[in-house]
Amino acid sequence: MSASVSATAAAGPVRCPWSRGDELYLSYHDEEWGVPEYDDQALYEKLVLDGFQAGLSWITILRKRENFRRAFDDFVPEKIARYRPAKIERLMQDAGIVRNRAKIEGAIRSARAWIEVMEKGPGFSKLLWDFVDGKPKINRFRTIRQVPAETATSRAMSKELTQRGFKFCGPTIVYAFMQAVGMVDDHLITCFRHQEVQALAKKR
3 MSASVSATAA AGPVRCPWSR GDELYLSYHD EEWGVPEYDD QALYEKLVLD
53 GFQAGLSWIT ILRKRENFRR AFDDFVPEKI ARYRPAKIER LMQDAGIVRN
103 RAKIEGAIRS ARAWIEVMEK GPGFSKLLWD FVDGKPKINR FRTIRQVPAE
153 TATSRAMSKE LTQRGFKFCG PTIVYAFMQA VGMVDDHLIT CFRHQEVQAL
203 AKKR
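Under the numbering used here, the first residue of the sequence shown is numbered 3, with each subsequent residue one higher.
Take a look at the structure:
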């Protein structure tokens, strides 16, 4: 074995550059990011957390995710939809989460919109996945610079969600959400997860 091959093997698998530098980011990249998610409630949680990320880094949200789950009743929309002003004030005093009133109130409004979609619409998962015909779009980007911040699909999904009453769901937030829940595979083609998440998609 050559020295260069040996050094590459010792360094471990090739990953998307953004996952470097933090163990929490690393495990999120290796285990969650890009894995197709079809569960209605899990999709609500991820969309809300992506909304809380606006203006912040995703690692900030990841570090607080368990605190968010505790504070927001494990992201059960039926519970969040019933939050009253007193609960909002308690959340505003919770140092374990991002204390932004507009985002907290947005999560509540989105929970009510989610219930509406579940009870009178197609269901949240179907509503979202129909934008990609029910299966992940496989991209073949070689560099981070090639990855878009938003697309025509994310703009269309954003418009639909906004019209239905969801908050903090602009096209850029929605595209980050689509990447995270596997509606698009944006792992770089050099990343070991590019093929793995496609295999997971086929199993589902």
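We put the CB at the ideal spot given by N, CA and C, even for glycine.
Asked, Found
"Assigned exposure category for Glu-39 - 16 Cβ within 10 Å defines buried", "buried"
"Ala-97 beta carbon less than 9 Å from that of Gly-53", "no"
"Test item: CB-CB of Trp-116 and Phe-170 under 9 Å", "no"
"Per-residue DSSP class, three states only, for Val-183", "coil"
"Coil, strand or helix - Ile-191 by DSSP", "coil"
"C-beta atoms of Glu-47 and Arg-71 nearer than 9 Å", "yes"
"Extent of the continuous alpha helix (DSSP H) run through Glu-34", "Neither: Glu-34 is in no alpha helix (DSSP H) and is coded neither H nor E."
"Buried or exposed by the 16-neighbour rule on C-beta atoms within 10 Å, applied to Lys-137", "exposed"
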